[in-house]
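A quick write-up on the structure given underneath.
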Amino acid sequence: MKNDKNIDSILSDDIMNPNPLNINNVLSSDFSKINKEDKEEILKFVSKNGVETLEPLLTKRLGKFLFAMEEYDSSAKAYETVYLKNKDDKYSLLNACFIRSKYLKDFDNSNKMLKEFISKEQKFAPAYYNLACNYNREFLEFEETPENEYITKLKDKAVENLTKAFEIDKGLYSEALKDSALKGLEIKKIFEESKKQE
C-alpha cells in the first residue's frame, strides 16, 4: 500500500486544480483520467484521516474530488475546513453550504453558516444569493406538505435574500434566470424591485 504522502502528489495533479471563479466549474469535474487505484487511495486516506489534515489547497482539491465521487458529506466538510483555515476563501464556504443544502438536504446547517457569514460580510452578494437558493430549495422540497407557517415563509425569505443579492450585485440577475434552485420565483419582478431599493 502507498503511504499518505502519495495523496499529496495525486491531489497536486493538474486535473485536481479547482477554479475558484466559477462554482459550477469547481464542482463539475471529469475525473475519468484518474486511475482507479488513485481514486481508491484517496477514499482510503479520507476514511483513515478525515479531511482536516491537508493544507488548504489540497483540501480544496480533495473536496472537489469527493464531490465528483458523490461523497457529499465529506466534500462539504473539506470545503468547510478550507474556509476555517483561510477565511478569505469565501467560495469554499459557499460550496460547502451549496452541497449541504442541495445534496444532503441539510438546510438548517447550511442556512446557519450562511447567516453567520453574512453577519460579518454584509456586502458579499453571493452569500445572499446562496441563502435565497437554499430557502427556495427547501420550499420546493416541502411545498406539498400541508400548509404551515414555516413552509410558507420560506418563499418570502428566498425573495428577501435574492432582492438583497441583486441590490449589491446586479450581475447575479443573468445567473438567477438560469438557476433551477430559484424555480417558481418571479426573478424579473424581484430584480426590478431591487432597483427601487437603491
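Every number in the numbering used here is 127 more than the matching position in the sequence shown, counting from 1.
Just so you know, even glycine gets a beta-carbon here, dropped at the ideal spot from N, CA and C.
Residue environment, residue i, which counts as buried when at least 16 other CB atoms sit within 10 Å
{"i": "Lys305", "result": "exposed"}
{"i": "Thr272", "result": "exposed"}
{"i": "Leu312", "result": "buried"}
{"i": "Tyr255", "result": "buried"}
{"i": "Asp165", "result": "buried"}
{"i": "Lys187", "result": "buried"}
{"i": "Thr208", "result": "buried"}
{"i": "Ser246", "result": "exposed"}
{"i": "Ser237", "result": "buried"}
{"i": "Glu197", "result": "exposed"}
{"i": "Ser174", "result": "exposed"}
{"i": "Ser201", "result": "buried"}
{"i": "Lys214", "result": "exposed"}
{"i": "Glu168", "result": "buried"}
{"i": "Lys191", "result": "buried"}
Whole-angstrom C-beta distance between residue j and residue i, which should lie under 8 angstroms
{"i": "Asp233", "j": "Pro183", "result": "No, Asp233 and Pro183 are not in contact; Cβ-Cβ is about 23 angstroms, not under 8 angstroms."}
{"i": "Ala103", "j": "Leu309", "result": "In this structure the chain extends from 128 to 325, so residue 103 is not present and cannot be described."}
{"i": "Leu231", "j": "Ala205", "result": "Contact doesn't hold; Cβ gap of about 14 angstroms is too wide."}
{"i": "Glu359", "j": "Thr290", "result": "The first residue shown for the chain is 128 and the last is 325, placing residue 359 beyond what the model contains."}
{"i": "Ile278", "j": "Phe293", "result": "Incorrect: roughly 24 angstroms between the Cβ atoms, too far for contact."}
{"i": "Glu219", "j": "Asn261", "result": "According to the sequence displayed, residue 219 carries Ser and not Glu. That belief does not hold up - the Cβ atoms of Ser219 and Asn261 are roughly 17 angstroms apart, past 8 angstroms."}
{"i": "Ala223", "j": "Ala195", "result": "Actually they are not in contact, since the Cβ atoms of Ala223 and Ala195 sit about 16 angstroms apart, beyond 8 angstroms."}
Enclosing alpha helix (DSSP H) for residue i [first to last residue]
{"i": "Ala203", "result": "199 to 212"}
{"i": "Ser228", "result": "217 to 229"}
{"i": "Glu312", "result": "The question names Glu, yet the displayed sequence has Leu at residue 312. Taken as a continuous stretch (DSSP letters only), Leu312 belongs to no alpha helix (DSSP H), as it is neither H nor E."}
{"i": "Lys280", "result": "276 to 295"}
Collapsed DSSP secondary structure at residue i in the structure displayed
{"i": "Pro183", "result": "helix"}
{"i": "Asn162", "result": "coil"}
{"i": "Phe251", "result": "coil"}
{"i": "Met240", "result": "helix"}
{"i": "Glu302", "result": "helix"}
{"i": "Gly190", "result": "helix"}
{"i": "Asp233", "result": "coil"}
{"i": "Glu270", "result": "coil"}
{"i": "Val173", "result": "helix"}
Next item on the list: Examine the Cβ distances between the region 255 to 267 and the region 279 to 298 and report whether three or more of them are shorter than 8 angstroms.
Entry: yes
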